[in-house]
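Since the structure comes first, as structure tokens, the remarks are kept for the end.
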Amino acid sequence: MEREKVVLAAMFLIVLASFAFWSNFVIVKYTMFRYSYSDFGFYAYNFYYTLHYPSTFQGLQYLVIGNHIAVDQLLVLPLFYLYQSPLTLLLLQVLVISLTGMIVFFIAKELLKNDFIALALGTAFVLNPGVQGMIVFDYHPEFLIIPFYLLTFYFYFKRERALFFASLLLLLGTLDSVVFIVLALGFGLIYYEFFHEKDSKTRAARLRLAAYIVVFSLISLLLYIEVANQLIASYSQGNAAFPHVFRAFQFDLPVVAKLATGIGVQYNYSAINSTWLTFYHTNIFQAPAFLFVAIVVAILVFGVAAINDPLLAIILDSPWLLALIGFGYVVYGSIDFQYFSYVIGGTVVSTLLGTLLIYRNRGVWHFISRAYAHAKEQRVLIICASILIPTLYAFMVGMFVHAQGTNAPFLLFNNSEYNASCYAQLNFVISRLPSNSSLMTESSIFPHVADRRNVEAMTWINGSVYFTPEYILVDFNNCINVTELDLRNESSILASYMSRFNYSVYLTNGTVRLYRLRG
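232 is the number that this note's numbering gives to position 146 of the sequence shown; each next residue is one higher, with no gaps.
So, in structure tokens, the structure goes:
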């Protein structure tokens with residue numbers, strides 16, 4: 087009993103340390119204007135807008151958050167109401183991801199009956215760079231996928247029907263594209279029951295629940311498609327008074343590949359996306375071996391016990407693998423984007439089930455010695471895994487730091503006196519903006535001015551000018567503009583506005599410029 091308390095306390099302290107460190111990280115990053123992609127500001131704006139201008143929404147539009155149909159985000163709305171700051175979203179994401187480490191611990195402890203392995207798995211989850219990458223990058227609804235995925239699996243395994251259906255519905259409500267991840271979970275569990283569960287009554291009961299997962303996933307897919315079509319029809323009739331960027335884009339049904347990737351929506355920003363993907367192809371993904379490494383990392387590094395049944399891990403991770411390999415969405419292989427959340431749940435479950443199967447074969451060393459003695463192929467696999475796993479994990483950490491560049495955890499806290507003066511200049515100009523004015527600004531500034539009715543980030547503008555704001559706010563200092571890509575896109579958009587409309591400098595402070603529309 088004392089040992090259990092010590093292990094539990096250790097896991098709690100690890101989770102607490104994760105929450106404390108990453109909470110400080112996101113606060114500092116936000117204060118330093120280092121969220122250079124527009125998604126975070128867009129979500130904050132969406133929540134502000136929903137709370138203060140609900141009359142402009144029409145029915146189903148309440149379900150759209152950030153161009154996704156994300157029903158669970160309605161549960162976030164009351165929390166945002168209590169403290170209406172973009173930091174609420176970032177801190178909530180940190181809290182949920184950190185606590186998911188505790189969920190991994192308790193599920194592993196219950197299934198495997200081993201405190202130390204549970205502690206190891208919970209710690210591995212918290213320290214996994216792919217998990218941390220979701221915190222570092224931005225705010226996205228995907229952070230809810232992993233806890234609800236794990237809870238759905240746990241209640242399925244324990245045959246707790248009421249809690250199983252509750253967690254399944256919450257999982258399917260995270261966002262539209264999750265249906266493919268849930269579908270893969272259902273098929274993976276069906277495979278597991280047929281090939282590994284010996285007790286016929288247990289197998290029959292669980293197969294019914296796994297079938298529910300498949301059926302509910304397909305129903306959810308049809309519902310999401312119908313909701314998207316209804317919304318598109320509403321837009322085409324001119325019934326939507328809310329900003330353009332709040333609109334869920336139409337499901338691209340003829341292209342099954344796009345649905346299978348988990349994107350599930352047809353983006354209208356092809357020019358920007360093309361430049362963005364080219365940028366990442368030539369930087370983060372320079373190494374030809376990276377694609378292979380990403381696959382091995384997902385299946386082996388965190389799902390090491392899946393070597394007992396690699397096919398199980400492949401089925402559970404199939405949406406991620408299909409997106410990455412089958413359809414070339416290379417961003418799914420990057421551990422510093424929210425898309426890596428599509429693989430974490432499957433690898434955790436394959437780890438738990440793989441370890442459980444090892445236990446049923448009378449322990450780890452018995453499994454290894456038996457495999458080594460009787461199967462040449464497994465012998466080679468074990469030897470290779472013992473060499474590759476630590477090497478690949480170290481490589482993954484290195485890629486994480488390389489991908490983040492100036493945003494890497496230990497490189498970010500560079501708040502020099504010069505940089506502090508830049509932030510002070512920008513905050514001063516923001517404070518002088520009229521509260522009811524319309525505004526367009528850079529992605530890194532967007533979250534700080536999202537508490538108004540009409541505001542756009544420059545990177546959401548796509549060639550044609552559909553938004554003519556009263557003010558344009560830019561800062562030409564590189565301590566604000568984190569990436570070269572943002573500078574290129576936003577400078578081009580700014581030049582386009584300057585040539586088409588009569589803007590002049592209204593206020594300047596150091597490198598900060600506030601332009602105002604004349605006439």
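C-beta: ideal position from N, C-alpha, C; glycine also.
Query raised in the report: Which residues share a DSSP beta bridge with residue 545?
Result: Paired residue(s): none; residue 545 is not in a bridge.
Query - Three-pair Cβ contact test at 8 Å for the segment 417–437 versus the segment 217–234 - result: Output reads yes: the segment 217–234 touches the segment 417–437.
Query raised in the report: Between the segment 163–182 and the segment 125–137, do at least 3 Cβ pairs fall closer than 8 Å?
Result: Taking 8 Å as the limit for Cβ pairs, the verdict is that the segment 125–137 does touch the segment 163–182.
Query raised in the report: Does DSSP classify residue 527 as helix, strand or coil?
Result: Three-state result, residue 527: strand.
**Report entry** Helix, strand or coil at residue 557 [DSSP, three-state]
**Finding:** DSSP, read as helix, strand or coil, puts residue 557 in strand.
Query raised in the report: In three-state terms, what does DSSP make of residue 590?
Result: Correct three-state label for residue 590: strand.
Requested in this report: Give the DSSP-derived three-state secondary structure of residue 595 in the structure shown.
Outcome: Strand.
Report task. Tell me whether residue 145 is buried or exposed, calling it buried when 16 or more other Cβ atoms sit within 10 Å of its Cβ. Result -> In summary, residue 145 is exposed, with fewer than 16 beta-carbon neighbours lying within 10 Å of its beta-carbon over all protein chains present.
Query raised in the report: Start and end of the alpha helix (DSSP H) containing residue 400?
Result: Start and end: 396–402.
Report task. Give the secondary structure of residue 602 by DSSP, where H, G and I count as helix, E and B as strand, and everything else as coil. Result -> When DSSP states are grouped into helix, strand and coil, residue 602 belongs to the strand group.
Report task. Count the CB pairs spanning the segment 202–212 and the segment 131–140 that are closer than 8 Å, and state whether there are at least three. Result -> With a cut-off of 8 Å, the segment 131–140 and the segment 202–212 do not count as touching, because too few Cβ pairs lie within range.
Query raised in the report: Should the segment 179–194 be regarded as contacting the segment 101–110, the criterion being three or more beta carbon pairs within less than 8 Å?
Result: Because the criterion of three Cβ pairs below 8 Å is met, the segment 179–194 and the segment 101–110 touch.
Query raised in the report: Can you list, in chain order, the residues of its chain whose CB lies under 6 Å from that of residue 404, leaving out five sequence neighbours each side?
Result: Taken in chain order, the residues that qualify are 270.
Report task. Let me know if residue 115 comes out buried or exposed under the rule of 16 or more other beta-carbons within 10 Å of its beta-carbon. Result -> Flag for residue 115 reads buried.
Requested in this report: Work out the CA separation of residue 431 and residue 243 for me, nearest whole Å.
Outcome: In a straight line, the C-alpha of residue 243 is about 15 Å away from that of residue 431.
Query raised in the report: For the segment 186–193 against the segment 234–241, are there 3 or more C-beta pairs whose distance is under 8 Å?
Result: Enough Cβ pairs lie closer than 8 Å, so yes.
Query raised in the report: Does DSSP classify residue 421 as helix, strand or coil?
Result: For residue 421, the three-state secondary structure derived from DSSP is coil.
Query raised in the report: Would you say residue 578 reaches chain C, if we count a Cβ-Cβ gap shorter than 8 Å as a contact?
Result: In the displayed structure, chain C is absent; only one protein chain is listed.
Query raised in the report: Considering only the beta carbon of each residue, do residue 619 and residue 600 sit closer than 8 Å?
Result: Nothing can be reported for residue 619, as the shown portion of the chain is limited to 87 through 605.
Report task. Can you have a look at residue 91 and say buried or exposed, based on whether 16 or more other CB atoms are within 10 angstroms of its CB? Result -> A residue is called buried once 16 or more other Cβ atoms fall within 10 Å of its Cβ, and residue 91, having fewer, is exposed.
**Report entry** Residue closest to residue 521, alpha-carbon to alpha-carbon, out of 95, 509, 528, 556
**Finding:** Scanning 95, 509, 528, 556 for the CA closest to the CA of residue 521 turns up 556.
Query raised in the report: How is residue 226 classed by DSSP in three states: helix, strand or coil?
Result: Correct three-state label for residue 226: coil.
**Report entry** Identity of the residue in 289, 251, 305, 290 nearest residue 266 by Cα
**Finding:** Ranking the options by Cα distance to residue 266, first place goes to 305.
Report task. Can you say whether residue 554 is buried or exposed, counting buried as having 16 or more other CB atoms within 10 angstroms of its CB? Result -> With fewer than 16 neighbouring CB atoms inside 10 Å of its own CB, residue 554 falls in the exposed class.
Query raised in the report: Thinking C-beta only, is residue 268 closer than 8 Å to residue 201?
Result: Contact flag unset, no.
Report task. Tell me where the alpha helix (DSSP H) around residue 172 begins and ends. Result -> Where residue 172 is concerned, the enclosing alpha helix (DSSP H) stretches over 172–198.
Query - Paired residues, beta bridge with residue 150 - DSSP - result: In the DSSP assignment, residue 150 forms a beta bridge with 155.
Query raised in the report: Alpha carbon to alpha carbon, how far is residue 312 from residue 318?
Result: If I take the Cα positions, the gap works out to 10 Å.
Query raised in the report: Tell me which same chain residues have a C-beta within less than 7 Å of the C-beta of residue 590, skipping the five on either side of it?
Result: Scanning its chain for C-beta atoms nearer than 7 Å, with the 5 sequence neighbours on each side dropped, one finds around residue 590 the residues 601, 602, 604, in chain order.
Query raised in the report: Does the Cβ-Cβ distance between residue 436 and residue 410 come in under 8 Å?
Result: Against a cut-off of 8 Å, the Cβ pair of residue 410 and residue 436 comes out as no contact.
Query - For residue 289 and residue 281, the rounded distance between their alpha carbons - result: Residue 281 and residue 289: Cα-Cα distance of roughly 10 Å.
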